[in-house]
Amino acid sequence: MQTNEKIIEVLNNLVEINNDRVAGYEKAVEETKDLDIDLRAIFQSMANDSRKYAAELTQEVNKFGGEAKTDTTTSGKIHRAWMEAKATFTSNERQSILDSCEFGEDTAQKAYGEALASDAEISVEVRQLITGQQATLKVAHNLIKKYRDLHHAVNA
22 MQTNEKIIEV
32 LNNLVEINND
42 RVAGYEKAVE
52 ETKDLDIDLR
62 AIFQSMANDS
72 RKYAAELTQE
82 VNKFGGEAKT
92 DTTTSGKIHR
102 AWMEAKATFT
112 SNERQSILDS
122 CEFGEDTAQK
132 AYGEALASDA
142 EISVEVRQLI
152 TGQQATLKVA
162 HNLIKKYRDL
172 HHAVNA
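So for the sequence shown, our numbering puts the first residue at 22; every next one is plus one.
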């Protein structure tokens, strides 16, 4: 039973991180100006990806007899509040939003790395699921970073 509890905890941490991503990108869409259609589409796509990942992880939690988390992390809630305040007081909203999104992507990468490095006995199938999600999230991270760097270069 101890083994199942560990893997359930690892999986639930990733569910919460994906819930954070969904909430973060929904907040980013709200904060993004109407002219930033490119960012809105990217943010909506990334939120949808995390909804899918959370659902996949939830299925695994259920297979192990656990109950999947449905909330976000406390640190994610704090980050979104900070993101909203920063957007309110910053003249360069696009840059601020991209910076905040990259921070969220860094957090997701860290969480996935910690999950894979944990001492929980992770089956090959679950490890493949986590590794696949992590790889896709890395692509998302790099896209956000590219947009952020490009915006910074154009406005420097």
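For every residue, glycine included, the Cβ atom is placed at its ideal position computed from N, Cα and C.
Please classify residue i: does DSSP put it in a helix, a strand, or coil?
i           : result
residue 87  : coil
residue 177 : coil
residue 142 : coil
residue 167 : helix
residue 157 : helix
residue 70  : helix
residue 59  : helix
residue 109 : Confidence in residue 109 is poor, its pLDDT being 49 and thus under 50, which makes the residue's placement too unreliable to answer from.
residue 53  : coil
residue 41  : helix
Should residue i go down as buried or exposed, given a rule of 16 or more other Cβ atoms within 10 Å for buried?
i           : result
residue 55  : exposed
residue 69  : exposed
residue 80  : exposed
residue 42  : buried
residue 63  : buried
residue 171 : exposed
residue 115 : buried
residue 146 : exposed
residue 91  : exposed
Closest Cβ-Cβ distance between residue i and chain C: below 7 Å?
i           : result
residue 126 : The displayed structure is made up of one protein chain only, and chain C is not part of it.
Would you mind reading off the limits of the alpha helix (DSSP H) that contains residue i?
i           : result
residue 138 : 114-138
Confirm the yes/no value for this check: CB of residue i, any heavy atom of the ligand ZN, distance under 6 Å.
i           : result
residue 165 : With respect to the ligand ZN, the structure shown offers nothing to examine, as it has no ligands at all.
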